[in-house]
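**Student:**
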Amino acid sequence: MSALLRLRCPSCGEMQEIAADNTPCKKCSTPLSAVNMGVLQLYRMGSPIGVAVGYGIYLNTLPYGHVGNTETVRIALPYGTYNLHCTCGMTRKCEDFSFTLSPSVPCIYAKASIKLGFWTNKINITPARAEEMPPL
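To get this note's numbering, take the position in the sequence shown, counting from 1, and add 220.
#1: Once the 5 residues before and after Thr-320 are set aside, which same chain residues still bring their CB inside 6 Å of it?
#2: Out of Leu-224, His-286 and Tyr-329, state which residue places its alpha-carbon closest to the alpha-carbon of Gly-309.
#3: Between Ala-223, Tyr-263 and Ile-238, which has its C-alpha nearest Pro-354's C-alpha?
#4: Give, in chain order, every unbroken run of the beta strand (DSSP E) that is at least 3 residues long and sits entirely within the stretch 271-320.
#5: If we count the other Cβ atoms within 10 Å of its Cβ and call it buried at 16 or more, is Cys-248 buried or exposed?
#6: Exposed or buried, which one is Cys-232 when buried takes at least 16 other CB atoms within 10 Å?
#7: Would you call the CB atoms of Leu-297 and Phe-317 closer than 7 Å?
#8: Tell me the DSSP secondary structure of Ala-254 in three-state form.
#9: CA-CA distance, Met-257 and Thr-281?
#10: Where does Arg-349 fall in DSSP's three states?
#11: What is the residue span of the beta strand (DSSP E) that Lys-331 lies within?
#12: What did DSSP end up calling Pro-244 once you bin it into helix, strand or coil?
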């Protein structure tokens, strides 16, 4: 793996970013591996709104950290179906994105942006193609 992968420890649930397989968990020392897993690559498109605040990332209601303005994160996940939801400060409205990872579809790409509203803002998550993603 050339870029960092965000991964949840299967033993203790601690979120970590790893650069290589079999990296020990910082909390419980379990070797972490992304073998036989898929990857969600999420790009937060640049916006002057909420620049200093990261978007909170939630997959099937579990927190997976944050993504900063114009940042890309890669999250390793077991094959299966997921619902991606993002938050930003007080903004909890989000057009969720559902996807399925499998051996035949091992990587999903998505872009997140904020849409200004009259009373409240809304985060939009849209599918993307690999060529639309910035280089890692």
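Glycine residues also receive a C-beta, built at the ideal position from the N, C-alpha and C atoms.
Predicted model, so just to flag it, every value in this text is computed and none were measured.
**Tutor:** Reading from the atomic positions:
#1: Residue mapping note: residue 320 aligns to position 100 of the sequence shown, counting from 1. Thr-301.
#2: Mapped onto the sequence shown, residue 309 falls at position 89. Cα-wise, what sits closest to Gly-309 is His-286.
#3: Within the sequence shown, numbered from 1, the residue matching residue 354 stands at position 134. When each option's Cα is compared against that of Pro-354, the closest is Tyr-263.
#4: 275-279, 282-287, 292-298 and 300-307
#5: Translated into the one-based positions of the sequence shown, residue 248 becomes position 28. Classification for Cys-248: exposed.
#6: Start at 1 with the first residue of the sequence shown, and residue 232 comes out as number 12. It counts as exposed.
#7: As a working mapping, residue 297 is identified with position 77 in the sequence shown. As a working mapping, residue 317 is identified with position 97 in the sequence shown. Not a contact, by the Cβ cut-off of 7 Å.
#8: By one-based count along the sequence shown, residue 254 stands at place 34. Coil.
#9: Residue numbering aside, residue 257 sits at position 37 when the sequence shown is read from its first letter. Residue numbering aside, residue 281 sits at position 61 when the sequence shown is read from its first letter. Roughly 19 Å separates the two Cα atoms.
#10: Residue 349 sits at position 129 when you count from the first residue of the sequence shown. In this structure, Arg-349 counts as coil in the three-state DSSP scheme.
#11: Looking up residue 331 in the sequence shown gives position 111. Here the beta strand (DSSP E) through Lys-331 covers 327-335.
#12: On the sequence shown, position 24 is the one that residue 244 refers to. In this structure, Pro-244 counts as strand in the three-state DSSP scheme.
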